[in-house]
Amino acid sequence: MMREEILHYLGTSNPEEISALYTSADRVRAQHVGDAIHARALLNISNYCRRNCLYCGLRGQNRRLMRYRMGKDDILRTVDAAASAGYKTVLMQSGEDGWYSRAMIAETVRIIANHHDIDIALSLGERPDDDYRCWFDAGATRYLLKHETSDPALYRALHPGSSLDERIRILRLLKSIGYETGSGVMVGLPGQSLESIADDILLFRHLDIDMIGCGPYIYNPDAGLMRPGDHIWTQKMKMDTVLKITALNRIVTRDAMIPATTATEISSPGSGRACALGAGANVVMFDITPLPWKEHYIIYPREDFTNGIGDYPRLAEELTGLTGRPISTGYGRRNKP
Ligand code: 5AD
Ligand code: SF4
Numbered sequence: 009m010m011r012e013e014i015l016h017y018l019g020t021s022n023p024e025e026i027s028a029l030y031t032s033a034d035r036v037r038a039q040h041v042g043d044a045i046h047a048r049a050l051l052n053i054s055n056y057c058r059r060n061c062l063y064c065g066l067r068g069q070n071r072r073l074m075r076y077r078m079g080k081d082d083i084l085r086t087v088d089a090a091a092s093a094g095y096k097t098v099l100m101q102s103g104e105d106g107w108y109s110r111a112m113i114a115e116t117v118r119i120i121a122n123h124h125d126i127d128i129a130l131s132l133g134e135r136p137d138d139d140y141r142c143w144f145d146a147g148a149t150r151y152l153l154k155h156e157t158s159d160p161a162l163y164r165a166l167h168p169g170s171s172l173d174e175r176i177r178i179l180r181l182l183k184s185i186g187y188e189t190g191s192g193v194m195v196g197l198p199g200q201s202l203e204s205i206a207d208d209i210l211l212f213r214h215l216d217i218d219m220i221g222c223g224p225y226i227y228n229p230d231a232g233l234m235r236p237g238d239h240i241w242t243q244k245m246k247m248d249t250v251l252k253i254t255a256l257n258r259i260v261t262r263d264a265m266i267p268a269t270t271a272t273e274i275s276s277p278g279s280g281r282a283c284a285l286g287a288g289a290n291v292v293m294f295d296i297t298p299l300p301w302k303e304h305y306i307i308y309p310r311e312d313f314t315n316g317i318g319d320y321p322r323l324a325e326e327l328t329g330l331t332g333r334p335i336s337t338g339y340g341r342r343n344k345p
């Protein structure tokens, strides 16, 4: 699909065209990655962050957030429980928290890899290049680092002290190390154009990104970036565009792993996740962070803190009931069962 056609779909409000787009994405999904939905156990190990991304509640300058970090034993205990519950992937995520040394993460990864039949994904932000190499050697096989927007000026405005070029350099490095590499963008940022979203989709393809997570920008009063209504993106436009970008990513990449993101469900409670799964997505994430930590990982306002690790079989069953699709018992690696 060419840029012009992508832009056309992003811009259309013709309901027939839109539903044809979702249908064809769903068909490509079935043909290239099958019906199974892959579940990821998401463990938010720390909400400390040295960055100040304007949209995010974890930004270092947000004094209203209670900060926590899990130590190695807390992490290992939680991953043990996730593996016992049947999860085949654990994603360890945090703000950019320099407290975790290269060696400490490597040691944690190594212990998990030696004890459990579970894939290890990391999303710990920008780190020295050798950290990524070391953690791959220790047994981590996936790394997520979203580029958020491919518009360099908007990127600079939202991310004090960092650049889009550096982000893209790291994504290439991660691929070259051998990681299955994840990226993604937010949709509905103030000042974000449909043209730049078309470029985001082309960039995913150009970099051969393996996992692509896109969700709506959600206003967080404690972060301070503009509130909804202060710019041109209405709530409906945002959600429509999230589903369109999900569908277009599927059509353009064919076999990437594409989550129905948490932000999508939170923006459209009860239907967001299912709609994304019907428009090309094939992955869901369940937050297994133990209480009370879970309540403090507030990137954007959210309310659902109820489900725990042991709820996995029930959540999986609910999802199958909702979509008619099975939950995968495999690892859910790109292109492999
Ligand atoms: N709304 C939606 N998603 C957000 N993220 C951060 N802040 C917001 C927000 N206000 C997402 C970004 C980032 C991840 C930590 O969470 O995509 O990569
Ligand atoms: Fe930190 Fe990531 Fe939030 Fe930026 S988006 S402030 S790097 S947690």
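Using this note's numbering, the letters of the sequence shown map in sequence onto residues 9 to 345. Even glycine gets a Cβ: it sits at the ideal position worked out from N, Cα and C.
By a C-beta neighbour count over all protein chains shown, 10 Å radius and 16 as the cutoff for buried, is residue i buried or exposed?
| i | result |
| --- | --- |
| Glu273 | buried |
| Lys244 | exposed |
| Arg281 | buried |
| Met194 | buried |
| Asp216 | exposed |
| Gln69 | exposed |
| Pro345 | With a pLDDT of only 46 at Pro345, under 50, the local geometry of the prediction cannot be trusted, and the value read off the model is given with reservation. Pro345 is exposed by the Cβ-count criterion. |
| Ile240 | exposed |
| Val207 | The sequence shown places Asp at residue 207, not Val. Buried: at least 16 other Cβ atoms inside 10 Å. |
| Gly106 | exposed |
| Gly196 | buried |
| His123 | exposed |
| Asp81 | exposed |
| Gln39 | exposed |
| Pro277 | exposed |
| Thr261 | buried |
| Leu299 | exposed |
| Pro309 | exposed |
| Asn22 | exposed |
| Glu326 | exposed |
| Gly65 | buried |
| Arg11 | exposed |
| Ser54 | buried |
| Ala264 | buried |
| Ala255 | buried |
| Ala231 | buried |
Among all the DSSP beta bridges, which residues are the ones paired with residue i?
| i | result |
| --- | --- |
| Leu99 | Leu50 and Ala129 |
| Ala294 | The sequence given here places Phe at residue 294; Ala does not occur at that position. Ala49, per the DSSP bridge assignment. |
| Leu335 | First, the amino acid is wrong: residue 335 is Ile here, not Leu. In DSSP, Ile335 forms a bridge with Ile45. |
| Pro267 | Val291 |
| Ile220 | Ser191 |
| Arg342 | DSSP, once it has assigned bridges, lists no residue as partnering Arg342. |
| Arg77 | Ser54 |
| said: Check whether the region 31 to 41 and the region 285 to 292 touch, using three or more Cβ-Cβ pairs below 8 Å as the test. | reply: yes
| Would the region 127 to 146 and the region 92 to 103 be scored as touching if the rule is three or more Cβ pairs under 8 Å? | yes
| said: Threshold first: 3 residues or longer. Then list the beta strand (DSSP E) segments lying entirely within the region 102 to 175, N to C. | reply: 127 to 131 and 150 to 152
| message | Using 8 Å as the cut-off, can you tell me whether the region 178 to 195 makes contact with the region 143 to 157, which would need three or more C-beta pairs spanning the two stretches below that distance? | response | yes
| request: Determine, using beta-carbon pairs with one atom in the region 166 to 177 and one in the region 45 to 64, whether at least three such pairs fall under 8 Å. | output: yes
| query | Can you find at least 3 beta carbon pairs, one from the region 261 to 277 and one from the region 219 to 229, that sit closer than 8 Å? | reply | yes
| Segment contact, 8 Å Cβ cut-off, at least three pairs: the region 45 to 58 with the region 244 to 258 | no
| said: Using 8 Å as the cut-off, can you tell me whether the region 101 to 117 makes contact with the region 133 to 146, which would need three or more C-beta pairs spanning the two stretches below that distance? | reply: yes
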